[in-house]
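A.B. asks: Pasting a structure below so you can have a look.
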Amino acid sequence: HGVPIALKDLDPTAGIRTTFSCTAFAENVPDFDLAHVAKTRAAGFVVLGKTNTPEFGTTAFTDSPLNGPCRTPWDLSRNAGGSSGGAAAAVAAGLVGIAQGSDGGGSIRIPASCCGLFGIKASRGRVSSAPFVPGIGLGTTGPLARTVLDAAAYLDVVSGYEWGDPFPAPPPERPYVEEVGANPGRLRIAATTEPPIAAAVDGESRAAVRGAAELLGSLGHDVEEAAPDWGGEDLMEDFLPVWQTIPALYPVPDPSQLSALNRWYLDGASATPSITYAAAVGRLQLRGRRIAALWADYDLLLTPTLALPPMPVGWETEPDDPREQFNRAVRFTPFTAAFNVTGQPAVSLPLHWTDDGLPVGVQLVGPPLGEALLLRVSSQLESARPWLDRRPPHS
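What follows is the structure, encoded as structure tokens:
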């Protein structure tokens, strides 16, 4: 009948309730599909339902006043992570064969790490957000899957230009499924465990990178310690004026219906002059240039996906102060958002598990428009250290 799939509840689906995990939209049923949803339906996927997400997808933990927390099936006391946590948990638990996620600051890669899956954030403009316009282009759609081949096949389905897209990506040279198993050649890979901001990195995250670097070296690649020019530690202070505008894009007449974090974002956006916003966008774009310059000398960058392991449910909202809630999300995910700024493709691979059975992902970042290379080397790593037979206890 077709491959069963789940779609993230941030993306409008004609005839299927789309709540954005917000109580104000609890009964919202759109009359249109986003472009990638229409392509998914046309390809013959069987849409089983929508997956949990934080309200408007504005934090790194899937939990909301409307839908409650989403837990990784590897440990039900811990959050599935990211705003695509419901998508990742559904795949990891065996509810669907593949799930669609979205990633504006790491929210495909984050839950892929927490749920032991492969996830790919595509290049800016690779997947259209039509009929909407994606702001400055931080966010994109992509798959969470058990295998690199499944992810590549789904990316083939949803990729492509729609008339009026502001960031058109050129089509790939060949279908992405044909990159799976192809020889990536001998690659120059920079590796770092030092984040772009002041954040403690857990020993398991560092160990995951060391193990991945050794594996890449054994496969014939040249791996050396190097990092991009992150442009100083105030990356998230430039990111915040842009990120906080997200709740303003949803017509909620009564802000008291929003979570404390989104009320804080909305207040911040309302109080931010246009000059301040424009300056933050400009600084982010300059940072993007400095960061991407690393790829003049290297083919890939290897980092931890996350600085911390999957965190306990409710950890991010223990403090009442929304600023501290934002800071906790930042400390959890310091390695991911930079590549939403640059627009480069990036993946999280499940190559490491802790002694008590928690998955810990590693991130590989490709050159601009370099999905093909990422899929080649990811499938090489998958063959060398298979993860498909690893199943969580709650599935």
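Position 223, counted from 1, in the sequence shown is what our numbering calls 330; the numbers after and before it change by one each time, with no gaps. Ideal placement from N, C-alpha and C gives every residue a C-beta, glycine not left out. These figures come from a predicted structure and were not determined experimentally.
#1: Skipping 5 residues on each side, what residues in its chain have a beta carbon closer than 8 angstroms to that of Ala-491?
#2: Using the rule of at least 16 other Cβ atoms within 10 Å of the residue's Cβ for burial, across every protein chain shown, is Trp-270 buried or exposed?
#3: Quick one, which of Ser-485, Pro-429, Gly-310 has its alpha-carbon nearest Leu-369's?
#4: Determine the DSSP secondary structure at Asp-374, reduced to helix, strand or coil.
#5: Are the beta-carbon atoms of Ala-448 and Gly-395 separated by less than 8 angstroms?
#6: Is the beta carbon of Phe-168 closer than 8 angstroms to that of Asn-186?
#7: Check for me: the beta strand (DSSP E) holding Thr-147 runs from which residue to which?
#8: Between which residues of its own chain and Trp-494 is the CB-CB distance below 6 angstroms, once the five residues before and five after are set aside?
#9: Taking all protein chains shown into account, decide if Val-136 is buried (16 or more other Cβ within 10 angstroms of its Cβ) or exposed.
#10: Counting C-beta neighbours from all protein chains within 10 Å, is the total for Asp-210 16 or more, i.e. buried, or is it exposed?
#11: Taking a contact to mean a Cβ-Cβ separation below 8 angstroms, would you say Gly-249 touches Val-264 in this structure?
#12: If you draw a straight line from the alpha carbon of Leu-347 to that of Pro-278, how long is it in whole angstroms?
#13: Output needed for Arg-295: all residues of its chain with C-beta closer than 6 angstroms, excluding positions within five of it in sequence on either side, in chain order.
#14: Which residue's Cα is closest to the Cα of Ala-315: Ala-403, Pro-499, Leu-415, Tyr-268?
#15: Closest to Gly-192 by CA distance: which of Ile-123, Glu-331, Arg-435, Leu-251 is it?
#16: Roughly how many angstroms lie between the CA atoms of Lys-146 and Asp-140, to the nearest whole one?
#17: Measure the beta-carbon distance from Val-388 to Ile-243 and round it to whole angstroms, keeping in mind my assumption that it falls under 8 angstroms.
#18: Does the separation of the CB atoms of Ser-486 and Gly-208 fall below 8 angstroms?
#19: Taking the DSSP output, what are the residues bridged to Trp-460?
#20: Are the CB atoms of Val-454 and Thr-461 nearer to each other than 8 angstroms?
#21: Among residues of its own chain, excluding the 5 on either side of Leu-465, which ones have a beta-carbon nearer than 7 angstroms to its beta-carbon?
#22: What does the Cβ neighbour count give for Arg-281, buried or exposed, with the cut at 16 atoms within 10 Å?
#23: If you scan the stretch 370-457 from start to end, which runs of the beta strand (DSSP E) of 3 or more residues do you find wholly inside it?
#24: Look at Asp-257 and Ile-304 and say whether their C-beta atoms are less than 8 angstroms apart.
#25: Return the residue from the list Thr-412, Leu-476, Trp-402 that minimises the CA-CA distance to Ile-215.
#26: With burial defined as no fewer than 16 other Cβ atoms inside 10 Å of the residue's Cβ, what is the status of Asn-159: buried or exposed?
C.D. replies: This is what the structure gives:
#1: The residue given as residue 491 occupies position 384 in the sequence shown. Taking Ala-491 as the centre and dropping the five residues before and after it, the same chain places the C-beta of Leu-322, Ser-325, Leu-326 closer than 8 angstroms to its C-beta, in chain order.
#2: Numbered from its first residue, the sequence shown carries residue 270 at position 163. Trp-270 comes out exposed.
#3: For the purposes of this step, residue 369 is taken as residue 262 along the sequence shown, with counting starting at 1. It should be noted that the sequence gives Asn, not Leu, for residue 369. Looking at the Cα atoms, Pro-429 is the closest of the given residues.
#4: Mapped onto the sequence shown, residue 374 falls at position 267. DSSP places Asp-374 in the helix class (H, G or I) of the three-state scheme.
#5: Counting from one through the sequence shown, the residue named residue 448 turns up at place 341. Counting from one through the sequence shown, the residue named residue 395 turns up at place 288. According to the sequence as given, residue 448 is Val; it is not Ala. Yes, Cβ-Cβ distance for Val-448 and Gly-395 is below 8 angstroms.
#6: Translated into positions along the sequence shown, residue 186 becomes position 79. Translated into positions along the sequence shown, residue 168 becomes position 61. The criterion of a C-beta distance shorter than 8 angstroms is satisfied by Asn-186 and Phe-168.
#7: Position 40 of the sequence shown, counted from the first residue, corresponds to residue 147. Element bounds for Thr-147: not the beta strand (DSSP E) but the alpha helix (DSSP H), 142-149.
#8: In the sequence shown, residue 494 corresponds to position 387, counting from 1. Beyond the five residues adjoining it in sequence on each side, Trp-494 comes within less than 6 angstroms, by CB distance, of Pro-457 in the same chain, given in chain order.
#9: Looking up residue 136 in the sequence shown gives position 29. So Val-136 ends up on the exposed side.
#10: What you label residue 210 is simply residue 103 of the sequence shown in a count that begins at 1. Label assigned to Asp-210: buried.
#11: Here the question's residue 249 lines up with position 142 in the sequence shown. Here the question's residue 264 lines up with position 157 in the sequence shown. Between Gly-249 and Val-264, the C-beta spacing is not below 8 angstroms.
#12: Here residue 347 refers to the residue found at position 240 of the sequence shown. Here residue 278 refers to the residue found at position 171 of the sequence shown. Those two C-alpha atoms are separated by around 32 angstroms.
#13: As a first step, residue 295 is located in the sequence shown; it is residue number 188 there, counting from the start. Same-chain partners within the cutoff: Asp-329, Tyr-405, Asp-406.
#14: Residue mapping note: residue 315 aligns to position 208 of the sequence shown, counting from 1. Of the listed residues, the one whose Cα sits closest to Ala-315 is Leu-415.
#15: In the sequence shown, counting from the first residue as 1, residue 192 sits at position 85. Out of Ile-123, Glu-331, Arg-435, Leu-251, the CA that lies nearest to the CA of Gly-192 is found in Leu-251.
#16: Stepping through the sequence shown from its first residue, residue 146 is reached at position 39. Stepping through the sequence shown from its first residue, residue 140 is reached at position 33. If I take the Cα positions, the gap works out to 9 angstroms.
#17: Here residue 388 refers to the residue found at position 281 of the sequence shown. Here residue 243 refers to the residue found at position 136 of the sequence shown. Their Cβ separation, rounded to whole angstroms, is 6 angstroms, which keeps Val-388 and Ile-243 in contact under 8 angstroms.
#18: Reading the sequence shown from its first residue, position 379 is the one you call residue 486. Reading the sequence shown from its first residue, position 101 is the one you call residue 208. Judged by their CB atoms, Ser-486 and Gly-208 are not nearer to each other than the 8 angstroms cut-off.
#19: Walking along the sequence shown from the start, residue 460 turns up at place 353. Trp-460 is bridged to Pro-466.
#20: As a first step, residue 454 is located in the sequence shown; it is residue number 347 there, counting from the start. As a first step, residue 461 is located in the sequence shown; it is residue number 354 there, counting from the start. The answer is no: Cβ separation not under 8 angstroms.
#21: Residue mapping note: residue 465 aligns to position 358 of the sequence shown, counting from 1. Taken in chain order, the residues that qualify are Trp-181, Asp-182, Pro-416, Pro-417.
#22: If you number the sequence shown from 1, residue 281 lands on position 174. Under this definition Arg-281 is an exposed residue.
#23: The stretch 370-457 contains these whole beta strand (DSSP E) runs: 407-411.
#24: To locate residue 257, count along the sequence shown from 1; it is residue 150. To locate residue 304, count along the sequence shown from 1; it is residue 197. Contact: no.
#25: Numbered from 1 along the sequence shown, position 108 holds the residue referred to as residue 215. The residue with the shortest Cα to Cα distance from Ile-215 is Thr-412.
#26: Locating residue 159 in the sequence shown gives position 52, counting from the first residue. Under this definition Asn-159 is a buried residue.
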